[in-house]
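*Asks:* Take this structure first; my questions come after.
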Amino acid sequence: MHRSLPVAATLALSLAACSPAPTPLAAGEPSLHAQATWSLVYADEFNGTGLDTSKWIAVNGPANVNSELQYYTPEDVSVQGGSLVLRTQRRAFGGRGYSSGEVRSGNNVTVTRGSAVEWRTKIPKGKGIWPANWLVSTACNGIDGCGSAWPPEIDVMEVRGSQPAVNVMTHWWGSYPNQAYQTSTYTGPDLSQAFHTYRVEWLADSITFYVDGVQRARHTANITSGTMQLVMNTAVGGMFDGNPDGSTTFPQYQYVDYVRVYRNTGGNTAGPNLVTNSSFDGGLSGWGVWSPNNAYQGTAFAETYNGRNGMHGTEYSTSPYEVHTYQIKTGLASGNYTMRAWVRSTGGQSVGEMLVKNFGGAQRSLDIRGYTNWTQVSIPNVNVTNGQAEIGFHTAAGAYQYLYFDDVEFFKQ
């Protein structure tokens, strides 16, 4: 749970809601990589003599998150002997008592659903040492909090230095301060004694974690969305493993032999998102609006108020109203599709629904009036047989009753 939030948010994090336990696995269950066809799209083998600054950012500044104690400095980042080396030292530096290294890809290398990322890493250990290889919103910088840009986050390798045999694997969803998470652990050998591979496969319907090529956890609920960057770092102290004590030795080193990014090009995966302006950052561009007697003016719009991550779509009025916000998708291949979106509502409307219609079958609707906090919902298995579908949202409500929707997706399963 390597959150990138301000120190003041740590109490809220301790109260974050957890989802049900992950899908249980038999001990040593074999890898399920065959569920998808993975093609390598980026790799850094760290065989050079310095950090590739066209791809990576060495963070420079004090970590003002999670009650951590370190100052991140490029002085503690190097490429040596075929590995990225992140050094952690006990020393006075930048007003902190420790310095360490963190490398992020920012917007240089990003991943979305349908991606896999694999690291081969040898971790440091010791009470209060906090190594991680993970994915997080591109808006997070490693120094200050992410604010409303967080989640998403997926922690692939995260280890308490005092428990070096236990890897913690977590994914976060929702919208701060109402974020939630699901976490799993894998207990193996002392992971600090050798290099191990840590991999995540992030599909539309699952997030699957592997250690040394063996599936260790699979999460199938509340699959996070968005665009994320890659992060490798070692924190010191804070809320995960507490602060170093007399048993902790310095310097400590995290070695990353390689990082590889894959894209799913076939197999059991979702197709691309077919929704235009799915995040409403372009206002209502790409969306149609309709209401009885064309009385829709001002009842459907995009705004940031009560948002989960920037703009979102809204159906609302100060007087009773009815409105549809929709897109018509044409040229669709026959097959099953899924509509998915993040939604929020006051509740109490006569109608508040997400729907898919005109696809060659009976209209599919989902009542979303009861989601008073941002929640991801879906309509799966929409069997398109006529080459088209209309997707959208419909509200019939009294004054001041709203329906919000964001990050809308429609994709072939």
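Read left to right, the sequence shown gives residues -26 to -1, 1 to 387 (mature numbering (1 follows the signal peptide of the UniProt record, and there is no 0)). Where a beta carbon is used, it is the ideal one built from N, C-alpha and C, also for glycine.
#1: Beta-carbon separation of G56 and T222 under 9 Å?
#2: For the stretch 59 to 84, list the beta strand (DSSP E) runs that are entirely contained and at least 3 residues long, ordered along the chain.
#3: Measure the C-alpha to C-alpha separation of V205 and I128 and round it to an integer number of angstroms.
#4: Go ahead and label E19 buried or exposed: buried means 16 or more other beta carbons lie within 10 angstroms of its beta carbon, across all protein chains shown.
#5: Determine the DSSP secondary structure at S324, reduced to helix, strand or coil.
#6: Spatial neighbours of D366 within its chain, please: C-beta separation below 7 Å, excluding the five flanking residues on both sides.
#7: Given a cut-off of 9 Å, decide if H145 and K96 are closer than it, judged by their beta-carbon atoms.
#8: In terms of residue numbering, what span does the beta strand (DSSP E) encompassing residue 392 cover?
#9: Nearest to G281 by alpha carbon, out of N347, S308, T239?
#10: Is it buried or exposed, R65, if we count other Cβ atoms within 10 angstroms and call 16 or more buried?
#11: Using a threshold of 9 Å, state whether the C-beta atoms of L306 and V230 are closer than that.
#12: Under the rule that 16 or more other beta-carbon atoms within 10 Å means buried, what is S259, buried or exposed?
#13: Using 10 angstroms around the beta-carbon of N207, count the other beta-carbons present and answer buried if the total reaches 16, otherwise exposed.
#14: Helix, strand or coil for N196 per DSSP?
#15: DSSP three-state label for G287, please.
#16: Could you give the distance in angstroms between the alpha-carbon of P294 and the alpha-carbon of H286?
#17: Report yes if the CB atom of E39 is closer than 9 Å to the CB atom of G162, and no otherwise.
#18: Would a C-beta distance cut-off of 9 Å place S13 and N82 closer than the cut-off?
#19: Considering only residues of the same chain and omitting the five flanking positions on each side of A(-1), which have a CB-CB separation below 8 Å?
#20: Excluding sequence positions up to five away, which residues of its chain have a Cβ less than 6 Å from the Cβ of R94?
#21: Mapping DSSP to helix, strand and coil, what is D255?
*Replies:* So, from the data block:
#1: no
#2: 70 to 74, 76 to 78
#3: 10 Å
#4: exposed
#5: coil
#6: Per the sequence shown, residue 366 should be read as Gly rather than Asp. Taken in chain order, the residues that qualify are H298, T299, Y300, Q301, L329.
#7: no
#8: No statement about residue 392 is possible, as the shown extent of the chain runs from -26 to 387 and does not include it.
#9: N347
#10: Per the 10 Å Cβ criterion, exposed.
#11: no
#12: exposed
#13: buried
#14: coil
#15: G287 sits in a strand when the DSSP states are folded into three classes.
#16: Taking the straight line from one Cα to the other gives about 21 Å.
#17: According to the sequence as given, residue 39 is Val; it is not Glu. Their beta carbons are not under 9 Å apart, which means V39 does not touch G162 by this criterion.
#18: In this structure, N82 does not lie closer than 9 Å to S13 by Cβ.
#19: With a pLDDT of only 33 at A(-1), under the threshold of 50, the placement of this residue in the model should not be trusted; the figure read from the coordinates follows. Same-chain partners within the cutoff: there are none.
#20: Taken in chain order, the residues that qualify are F169, T171, D231, Y232.
#21: coil
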